[in-house]
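Below you'll find the structure, written out as structure tokens, and then a few comments.
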Amino acid sequence: DYHIPVSGGIAKEPPMHIVHIAVEMAPIAKVGGLGDVVTSLSRAVQDLNHSVDIILPKYDCMKISHVKDLHYQRSYSWGGTEIKVWFGKVEGLSVYFLEPQNGMFWAGCVYGCKNDGERFGFFCHAALEFLQQSGFHPDIIHCHDWSSAPVAWLFKDHYMHYGLSKSRVVFTIHNLEFGANNIGKAMAYSDKATTVSPTYSREISGNPLIASHLHKFHGILNGIDPDIWDPYNDTYIPVPYTSENVVEGKRTAKEALQQRLGLKKADLPLVGIITRLTHQKGIHLIKHAIWRTLERGGQVVLLGSAPDPRVQNDFVNLANHLHSSHHDRARLCLTYDEPLSHLIYAGADFILVPSIFEPCGLTQLTAMRYGSIAVVRKTGGLFDTVFDVDHDKERAKAQGLEPNGFNFDGADPAGVDYALNRAISAWYDGRDWFNSMCKKVMEQDWSWNKPALDYLELYHSARK
Ligand code: ADP
């Protein structure tokens, strides 16, 4: 069975030492969900009394103000250059920053250089060299996606026999779309492999890169960090709230959002969209949903940026159009803005995630934590976490949950309409029912409580 391992008895096991080698980490160097997961999974495992370290490139573009007590430790020579090692704390986690003096990570960005493959390959090798030279003996070396996949084979080819023999390699696929060659190779070389939801693990299990490794492949759902995403303790929203005062908390957040973006301050259903604007995220469905929401008299706020300049340009044009035709009901913020994302999660009634595919998806989980109702396409982790109020009562019950949102099949406008129309009608026709649903979703547990135990079980099984 390559799905969720059963967690049990793990609490009694002796502490392990886990080292993540990764190229993203929230909030200092986050591009997408991978960055969130490295931080929040590590915190959850550390909270269960295991020891966790993270090794990250020292980017010049890193948000250094979020690193506590950052200081230079030492340097070593490797790969024809000097590598400076810095140490600091991020969200309570110990992070080693590697800074090659050849300037490989002084590029102003995490991704987007022509030689990303070479840069991250170099980093992976340098990270293993650092572990070896520093006399670390981790139980688990955990690497992520194509970018730190090389750790799996570099370890087996070069380091396993010299000093790091005790370690086992765990590899997590956050998105199979990118860097297939690296992912296939890491699947072969790692001791255990995971991906970020049970449904996505099934969806990709027929892929030739995965199919011959199912015996060591598991789908473990991502969680969110309830301290990092906490409407009761969030400096970016006006009134702290829990499920007890969710209606008041969300009303004031909606007003603040409308005020900040220059939208009409009115009690209208508000649909929020927070996303990278790429094919994966269902761009045509997003556009359609914007128009549908406006037709239904609602407001729309989109926060998103496109790595592809043509897509970005297309949305700039759409924004110009909407900001004149519907200036008090639509706002497209075509940028990356963490503080604004918090206000949208809190102030929206609905968060729409119409992805074509979605390994796990964190936006729908964060939405629920803030009492917003998720409207999603039934794929990957969206299928595993959002249960339709009209169609998924039984499926939710099997997970010990009540239905918590709206979903749809298909990848055409009719699908989005089906879910969005029901959602918006529920808002207009039954505010009490709608409000009770906001309260209910806030009380569901999408943290790492359970998934962290699954990872520990997996780490243990890797060592057997
Ligand atoms: P992916 O990793 O494919 O981008 P996820 O749903 O796993 O998708 O994670 C996306 C994360 O990035 C979420 O934490 C979301 O809030 C955040 N995010 C996406 N776009 C933006 C943006 N434009 N501004 C701020 N945060 C964003």
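Take the sequence shown: its letter number 356 is residue 356 in our numbering, and every next letter is one higher.
Where a beta carbon is used, it is the ideal one built from N, C-alpha and C, also for glycine.
A quick note: this is a predicted structure, and the numbers were derived from the prediction, not measured.
{"Asked": "What are the residues that DSSP puts in a beta bridge with Y96?", "Found": "I55 and F87"}
{"Asked": "When the Cα of C333 is compared with those of H327, F350, S305 and V19, which residue comes out closest?", "Found": "S305"}
{"Asked": "Whole alpha helix (DSSP H) runs in the segment 395-460 with 4 or more residues, listed along the chain?", "Found": "413-429 and 431-443"}
{"Asked": "Label D445 either buried or exposed according to how many other C-beta atoms from any shown protein chain fall within 10 Å of its C-beta, with 16 as the threshold for buried.", "Found": "exposed"}
{"Asked": "DSSP state of K378, grouped into three classes?", "Found": "coil"}
{"Asked": "Excluding sequence positions up to five away, which residues of its chain have a Cβ less than 6 Å from the Cβ of V239?", "Found": "G249 and T252"}
{"Asked": "For W78, list the residues DSSP reports as bridge partners.", "Found": "T81"}
{"Asked": "Go through its chain and collect everything with a Cβ distance to N245's Cβ below 6 Å, but skip five positions before and after it.", "Found": "none"}
{"Asked": "If distances are taken between C-alpha atoms only, which option among R119, L41, I21 and L318 comes closest to P226?", "Found": "L41"}
{"Asked": "Count the C-beta pairs between the segment 364-374 and the segment 335-354 that are closer than 8 Å, then say yes if the count reaches three, no if not.", "Found": "yes"}
{"Asked": "Evaluate the contact criterion for the segment 196-213 versus the segment 393-404: three or more CB pairs, one atom per stretch, below 8 Å.", "Found": "no"}
{"Asked": "I need the straight-line Cα distance from F357 to Y76, nearest angstrom please.", "Found": "42 Å"}
{"Asked": "Rounded to a whole number of angstroms, what is the C-alpha to C-alpha distance between G32 and E457?", "Found": "26 Å"}
{"Asked": "Take the Cβ of V6 as the centre, count every other Cβ of all protein chains shown within 10 Å, and call the residue buried at 16 or more, exposed below.", "Found": "With a pLDDT of 48 at V6, under the threshold of 50, the modelled position of this residue cannot be trusted; read the value that follows with caution. Exposed: under 16 other Cβ atoms inside 10 Å."}
{"Asked": "Output the distance between the C-alpha atoms of K58 and Q101, rounded to the nearest integer angstrom.", "Found": "11 Å"}
{"Asked": "Using 8 Å as the threshold, is the segment 375-393 in touch with the segment 309-325, meaning 3 or more CB pairs across them?", "Found": "no"}
{"Asked": "Give the DSSP bridge partners of K68, in chain order.", "Found": "K89"}
{"Asked": "Whole angstroms is fine: what's the gap from L340's alpha carbon to Y236's?", "Found": "8 Å"}
{"Asked": "Could you name the residues of the same chain whose beta carbon sits closer than 6 Å to that of C39, not counting the 5 residues immediately before and after it, in chain order?", "Found": "Before going on, a small fix: residue 39 reads as Thr here, not Cys. Result list for T39: M25, A26 and E91, in chain order."}
{"Asked": "With DSSP as the reference, identify every bridge partner of G121, one or two as the case may be.", "Found": "Looking at the DSSP assignment, G121 forms no beta bridge with any residue, so it has no partner."}
{"Asked": "With contact counted as at least three CB pairs below 8 Å, one residue from each stretch, are the segment 135-144 and the segment 165-181 in contact?", "Found": "yes"}
{"Asked": "Please report the distance separating the alpha-carbon of L302 from that of H17.", "Found": "41 Å"}
{"Asked": "Does DSSP classify T293 as helix, strand or coil?", "Found": "helix"}
{"Asked": "Just reading off the alpha helix (DSSP H) that G33 is part of, what are its end residues?", "Found": "G33 to D47"}
{"Asked": "Using the Cβ count rule (16 or more neighbours within 10 Å means buried), how would you classify Y159?", "Found": "buried"}
{"Asked": "Helix, strand or coil: which one does DSSP assign to V246?", "Found": "helix"}
{"Asked": "Cα-Cα, which of G371, R119, N407 and K464 is closest to S436?", "Found": "G371"}
{"Asked": "Which residues in the same chain have their Cβ closer than 7 Å to the Cβ of G184, if we skip the five residues on either side of it in sequence?", "Found": "L209"}
{"Asked": "Using only alpha-carbon positions, find the residue among L362, P403, G415 and E177 that is nearest to T278.", "Found": "E177"}
{"Asked": "Given 7 Å as the limit, tell me if G282 has its C-beta closer than that to any heavy atom belonging to the ligand ADP.", "Found": "no"}
{"Asked": "Taking only runs of the beta strand (DSSP E) that begin and end inside the segment 259-309, which ones reach a length of at least 3 residues, in chain order?", "Found": "270-276 and 299-305"}
{"Asked": "Count the other C-beta atoms from every protein chain shown that fall within 10 angstroms of the C-beta of P198, then say buried if there are 16 or more, exposed otherwise.", "Found": "buried"}
{"Asked": "Where does A462 land, buried or exposed, given buried means 16+ other C-beta within 10 angstroms?", "Found": "buried"}
{"Asked": "Given this structure, state the Cα-to-Cα distance separating A152 from Q46, to the nearest angstrom.", "Found": "23 Å"}
{"Asked": "Looking only at its chain, what residues have a beta carbon closer than 6 Å to the beta carbon of F130, apart from the 5 residues adjacent to it on each side?", "Found": "none"}
{"Asked": "Helix, strand or coil for D390? Go by DSSP, reduced to three states.", "Found": "coil"}
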